[in-house]
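Residues in the sequence shown are numbered from 3 upward in steps of one, following this note's numbering. Backbone N, C-alpha and C fix where the C-beta goes; we use that ideal spot for every residue, glycine too.
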Amino acid sequence: MEHLETDLLILGAGVAGVYGALAAEARGARVLLLSKDSLPSGATPWAQGGVAFPLDEADLEAHLQDTLRAGRGLVEEKVARSILEEAPRHLERLLSMGLPFHAEPTREGGHSRPRVRHLGGDRSGLLLLKGLLARLRSPVLEGYQAVSLLLSGGRVAGAWVLSPKGPLLVRSGAVLLATGGLGRLFPVTTNPRGATGDGMALAWRAGATLRDLEFVQFHPTALPDGSLISEACRGEGAVLLNARGERFMPRYDPQGELAPRDVVARAVHRERERTGGVYLDLRPIPNLRERFPTVAASALALGLDPFREPLPVAPAAHYAMGGVKTDLLGFTGVPGLYAAGEVASTGFHGANRLASNSLLEGLVMGERAALAALEDLSTPPRLSPQWGPLKGLPKGAEPLPALSLDPGLLPSLREAMGQEAGVVRRGEGLGRALALAEELPLEERPPKEVGREEVEAGSLLLLARFLLQMALLRRESRGAHFREDFPGEGEEAYHLEAQGQEVRRVPRLG
Ligand SMILES: Cc1cc2nc3c(=O)[nH]c(=O)nc-3n(C[C@H](O)[C@H](O)[C@H](O)COP(=O)(O)OP(=O)(O)OC[C@H]3O[C@@H](n4cnc5c(N)ncnc54)[C@H](O)[C@@H]3O)c2cc1C
3 MEHLETDLLI
13 LGAGVAGVYG
23 ALAAEARGAR
33 VLLLSKDSLP
43 SGATPWAQGG
53 VAFPLDEADL
63 EAHLQDTLRA
73 GRGLVEEKVA
83 RSILEEAPRH
93 LERLLSMGLP
103 FHAEPTREGG
113 HSRPRVRHLG
123 GDRSGLLLLK
133 GLLARLRSPV
143 LEGYQAVSLL
153 LSGGRVAGAW
163 VLSPKGPLLV
173 RSGAVLLATG
183 GLGRLFPVTT
193 NPRGATGDGM
203 ALAWRAGATL
213 RDLEFVQFHP
223 TALPDGSLIS
233 EACRGEGAVL
243 LNARGERFMP
253 RYDPQGELAP
263 RDVVARAVHR
273 ERERTGGVYL
283 DLRPIPNLRE
293 RFPTVAASAL
303 ALGLDPFREP
313 LPVAPAAHYA
323 MGGVKTDLLG
333 FTGVPGLYAA
343 GEVASTGFHG
353 ANRLASNSLL
363 EGLVMGERAA
373 LAALEDLSTP
383 PRLSPQWGPL
393 KGLPKGAEPL
403 PALSLDPGLL
413 PSLREAMGQE
423 AGVVRRGEGL
433 GRALALAEEL
443 PLEERPPKEV
453 GREEVEAGSL
463 LLLARFLLQM
473 ALLRRESRGA
483 HFREDFPGEG
493 EEAYHLEAQG
503 QEVRRVPRLG
């Protein structure tokens with residue numbers, strides 16, 4: 003078995019991991035990144051919209067208010083303010099790196115002003131990530147999946163990794179989780195194949211707290227394979243029709259197709275249940291091919307012709323507001339373990355994410371968490387900065403067991419999640435899905451015995467259990483969490499947290 007040693011091990015090479023690595027290597031640290039899929043991997047390269055940056059000092063307050071409004075009383079204001087205050091410095095840095103941001107910001111849903119910066123039209127995430135990767139000097143090992151964290155003297159000190167060449171033990175002074183979200187828990191999702199919540203499960207197993215998992219943002223219009231049809235299409239004239247060919251959105255909201263994302267998602271869900279299907283008619287958009295090349299190409303690839311017929315659409319799991327609870331520096335509370343990006347729950351998004359705030363959070367928190375992890379290294383045990391093979395197993399270091407599930411059992415779990423924990427939830431259905439999730443055997447196995455798919459399925463099962471428990475406990479509708487049996491928003495805003503087996507209610511900090 004091979005062993006490697008480094009100062010900072012970063013799990014994930016999306017925006018949070020790569021931007022964090024750039025900051026750490028600029029301080030002279032030895033950094034190693036792992037990506038379980040080939041580059042460019044993760045959700046980052048799929049981001050079509052852009053990155054939200056406050057325009058100036060005055061707009062900072064307005065951006066904060068928009069963020070607070072979207073988050074429905076659960077945004078931690080101190081966190082949001084600190085992220086937004088730092089945002090302009092990062093935009094300047096990215097511009098100085100030569101990243102091709104469009105000069106003119108655009109306005110997106112929920113933003114009171116045009117402040118979203120795009121790159122390459124609808125290829126923002128791809129160009130951002132490629133630009134960052136091009137400047138990175140640290141190695142990124144592709145096809146390397148962390149399946150368990152290594153503990154040494156009460157600290158996280160590395161990871162057990164599945165690699166194309168076999169198992170690998172990486173020992174590090176600290177670990178930064180930047181593994182992205184959990185969209186693959188649902189049957190229809192806009193997320194990439196690797197969005198299986200691995201980092202959340204690894205952190206929980208090491209003793210970290212998971213927070214607010216019930217808040218999953220659903221995108222209202224995705225094709226059957228999860229390809230996203232951007233909101234901008236509806237802005238340009240596309241209309242939603244039910245299976246009877248009726249336009250239904252004006253019955254749900256006076257803004258029709260341009261109602262807020264969660265309102266449209268619920269309407270699409272209801273009309274699919276009521277009439278058997280929902281379709282998006284893109285034909286009213288002039289110059290569809292030139293204006294939305296990605297959308298047109300995704301439809302054609304599925305054998306659907308957007309120029310001749312309305313396209314079948316459904317709501318799709320899009321973004322996890324919850325995740326590993328961290329402080330303002332990305333610290334998880336477990337010595338040596340940090341988290342940034344979609345895997346983390348900093349309190350920035352509350353109960354619903356404001357469009358394009360996630361890439362921004364990935365940048366700001368990726369840098370902060372990487373630098374905080376380096377500070378942590380200056381206290382013993384400081385590791386040799388040499389990166390290379392080790393001769394023997396490190397003394398006293400123990401890999402934690404890996405969580406695993408037979409991947410053949412995943413489809414039934416996904417189906418239950420789509421049915422009972424999607425855009426519209428009810429106590430009874432959530433209870434049924436939880437009973438199923440609790441029946442499925444979540445195993446703890448030595449990391450040397452598990453494979454990629456078993457670990458992904460194990461992570462998803464763990465997260466399903468907590469998500470369902472939290473959704474049951476939250477007897478109200480707030481942000482992205484809608485309970486048909488509790489349609490109103492409760493008076494008090496609180497978080498739900500899981501640590502060990504316990505799930506508890508925790509007041510918002512403010
Ligand atoms: C279709 C789509 C459009 C979006 N549009 C926008 C937008 O316009 N603006 C915006 O702000 N946000 C958008 N988002 C959300 C945003 O893209 C993501 O929240 C963000 O990119 C997440 O970045 P990240 O660095 O946290 O993780 P990711 O970019 O998802 O990267 C995760 C990384 O972790 C690796 N990984 C995972 N598990 C392991 C493991 N066990 N071991 C090793 N490596 C692992 C993956 O291979 C990958 O490298 C969009 C999301 C989607 C899906």
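In this structure, ligand 1 has a non-hydrogen atom nearer than 6 Å to the beta-carbon of Val17. Classified as exposed, Pro443 has fewer than 16 neighbouring CB atoms from the shown chains inside 10 Å of its CB. Contact between the segment 415-422 and the segment 430-441 is present, with at least three C-beta pairs closer than 8 Å.
Excluding five sequence positions before and after Pro409, the CB atoms of its chain that fall closer than 8 Å to its own CB belong to Glu455, Glu456, Glu458 and Ala459, given in chain order. Distances from the CB of Asp255 to the heavy atoms of ligand 1 are all 6 Å or more.
Within the chosen limit of 6 Å, ligand 1 does not reach the beta carbon of Asn244 with any heavy atom.
Arg506 and Ala500 have their C-alpha atoms roughly 6 Å apart.
In the same chain as Ser300, and ignoring 5 residues on each side of it, the C-beta atoms closer than 7 Å to its own belong to Leu225 and Ser229, in chain order. Relative to Ala267, the option among Ser37, Arg173, Gly481 and Leu11 whose CA is nearest is Gly481. Taking a C-beta distance under 7 Å as the contact criterion, Pro449 and Trp162 qualify as a contact pair. DSSP, reduced to helix, strand and coil, places Asn244 within a strand of the structure shown.
Look at the segment 89-171 and you find these whole runs of beta strand (DSSP E), each 3 residues long or longer: 142-144, 147-154 and 157-165.
For Glu144, the closest of Ala31, Ala15 and Gly122 by C-alpha to C-alpha distance is Ala15.
Leu470 is a Cβ neighbour of Ala435, given a cutoff of 7 Å. Placement of the Cβ of Ala49 at a distance of less than 6 Å from at least one heavy atom of ligand 1 is found.
Ser150 and Pro401 do touch by the CB rule: their CB atoms are close to 5 Å apart, below 8 Å. Taking 7 Å as the cut-off, the Cβ atoms of Ala322 and Leu178 do not count as close.
Counting along the chain, no alpha helix (DSSP H) covers Phe55, and no H or E run does either. For Leu361 against Gly127, the beta-carbon gap comes to about 7 Å, under 8 Å, which counts as contact. Within the segment 7-46, complete beta strand (DSSP E) segments of at least 3 residues are found at 33-37, given in chain order.
In this structure, Met3 keeps its C-beta atom at 7 Å or more from the C-beta atom of Pro141. The segment 286-299 and the segment 319-334 do not touch, with fewer than 3 CB-CB distances between them shorter than 8 Å.
For Ala72, the closest of Phe488, Asn354 and Val270 by C-alpha to C-alpha distance is Asn354.
When beta bridges are read from the DSSP output, Asp283 appears opposite Val241.
Remark: C-beta atoms of Gly112 and Asp68 approach each other more closely than 7 Å. Annotation for Thr223: no alpha helix (DSSP H) segment contains it, though the beta strand (DSSP E) segment containing it runs Val218 to Ala224. Only buried fits Arg32, as 16 or more other CB atoms lie within 10 angstroms of its CB. Distance from Ala64 to Arg115 at the Cβ level is roughly 6 Å; contact confirmed, criterion being Cβ atoms closer than 8 Å. Its chain contains His221, Ala224, Gly228, Leu230, Ala318 and His320 as the residues whose beta carbon lies nearer than 6 Å to that of Thr192, once the 5 sequence neighbours on both sides are disregarded; these appear in chain order. DSSP places Leu313 within a strand segment (E or B) once states are collapsed to three. In this structure, the C-beta of Ala234 stays at least 6 Å away from each heavy atom of ligand 1.
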